[in-house]
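For the sequence shown, the tail end lands on 185 under full-length UniProt numbering, and the numbers increase by one without skipping. From the three backbone atoms N, C-alpha and C, an ideal C-beta is built for every residue, glycine too. Just so it is clear, the structure is predicted and the values come from calculations on it, not from any experiment. Please read the structure below before turning to the comments.
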Amino acid sequence: MAAERNKRKEYVSVKDLEKVLDSCTLDLHQIDEVWPNLYISNVRIAQNRTELQRLGITHILNAAHSKRGSIGDQRFYGTSFVYCGIPADDSSHFDLDVYFRPAADFIHKGLKAVDGKVLVHCIMGMSRSSSLVLAYLMLYKHMSLRSAIQRLVQKRAIYPNRNFLALLLDLDLQLKMKRKTCILL
Numbered sequence: 001m002a003a004e005r006n007k008r009k010e011y012v013s014v015k016d017l018e019k020v021l022d023s024c025t026l027d028l029h030q031i032d033e034v035w036p037n038l039y040i041s042n043v044r045i046a047q048n049r050t051e052l053q054r055l056g057i058t059h060i061l062n063a064a065h066s067k068r069g070s071i072g073d074q075r076f077y078g079t080s081f082v083y084c085g086i087p088a089d090d091s092s093h094f095d096l097d098v099y100f101r102p103a104a105d106f107i108h109k110g111l112k113a114v115d116g117k118v119l120v121h122c123i124m125g126m127s128r129s130s131s132l133v134l135a136y137l138m139l140y141k142h143m144s145l146r147s148a149i150q151r152l153v154q155k156r157a158i159y160p161n162r163n164f165l166a167l168l169l170d171l172d173l174q175l176k177m178k179r180k181t182c183i184l185l
């Protein structure tokens, strides 16, 4: 009986995660530092090179690369910033999970760079960008998805779409299974 209760307690659904997201009382800002030297912003800040330099941003991860309203690319940023673009759609069918590892690797390398500060953005800075930051926290900081969301909503108003939450839940399960396998070995 106790094992069954623990199993139920361990299972997290998209609906459970949406309740955590709904608990956020913050207003949406243009930019927020959500982890030391890791920022999430909207496209307006991301396209303001003067402001990015003032903030000391060194790396830019654009989760809306080549999407309408997002003009950023390496030519736009020149040699002042290291740029990575992900052409993600904020939709119920886009497979963002293929970008979880590359995005997390880019964020990790950016934060490890001397004086590295990483900006992750999409159009609004709520769904695509936050999903990639959540994947980073799960992959590199070994946080559960629920813990990562709880951490982020203390710093920024985020709201990954249901599809992205489901993909992140799959990643969460894979990482938990991998950790259990490692423990058994």
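Roughly how many whole angstroms lie between the Cα atoms of Tyr99 and Asp170?
14 Å
Note the first and the last residue of the continuous alpha helix (DSSP H) segment covering Tyr140.
For Tyr140, the enclosing alpha helix (DSSP H) starts and ends at 128–140.
Could you have a look at Leu26 and say whether DSSP puts it in helix, strand or coil?
coil
Rounded to a whole number of angstroms, what is the C-alpha to C-alpha distance between Asp89 and Leu96?
Using only the alpha carbons, I get a separation of about 8 Å.
Could you pull the start and end residues of the beta strand (DSSP E) that Tyr159 belongs to?
Segment: none, Tyr159 is in no beta strand (DSSP E) and carries neither H nor E.
My understanding is that Val20 touches Lys155, with C-beta atoms under 8 Å, so please give their C-beta distance in whole angstroms.
Not a contact, Cβ separation roughly 14 Å.
Could you tell me whether the stretch 103–122 touches the stretch 31–45, using the rule of 3 or more Cβ pairs below 8 Å?
yes
If we require 4 or more residues per run, which alpha helix (DSSP H) segments fall completely within the stretch 64–89?
74–77
Which residues in the same chain as Ile57 place their Cβ atom closer than 8 Å to its Cβ, once the five residues preceding and following it in sequence are excluded?
Tyr39, Phe81, Lys117, Val118, Leu119
Nearest to His65 by CA position, among Ala46, Lys178, Cys24, Leu111, is which residue?
Ala46
Would Ile158 pass as a contact of Tyr136 if the rule is Cβ separation under 8 Å?
no
Hey, how far is the Cα of Gln53 from the Cα of Gly85?
19 Å
May I ask you to report which of helix, strand or coil DSSP gives His108?
helix
Distance check for Gly110 and Tyr77, CA to CA, integer angstroms please.
16 Å
Apply the 10 Å Cβ neighbour rule to Asp22 and answer buried if 16 or more other Cβ atoms are within range, or exposed otherwise.
exposed
Is the beta carbon of Leu167 less than 8 Å from the beta carbon of Met138?
no
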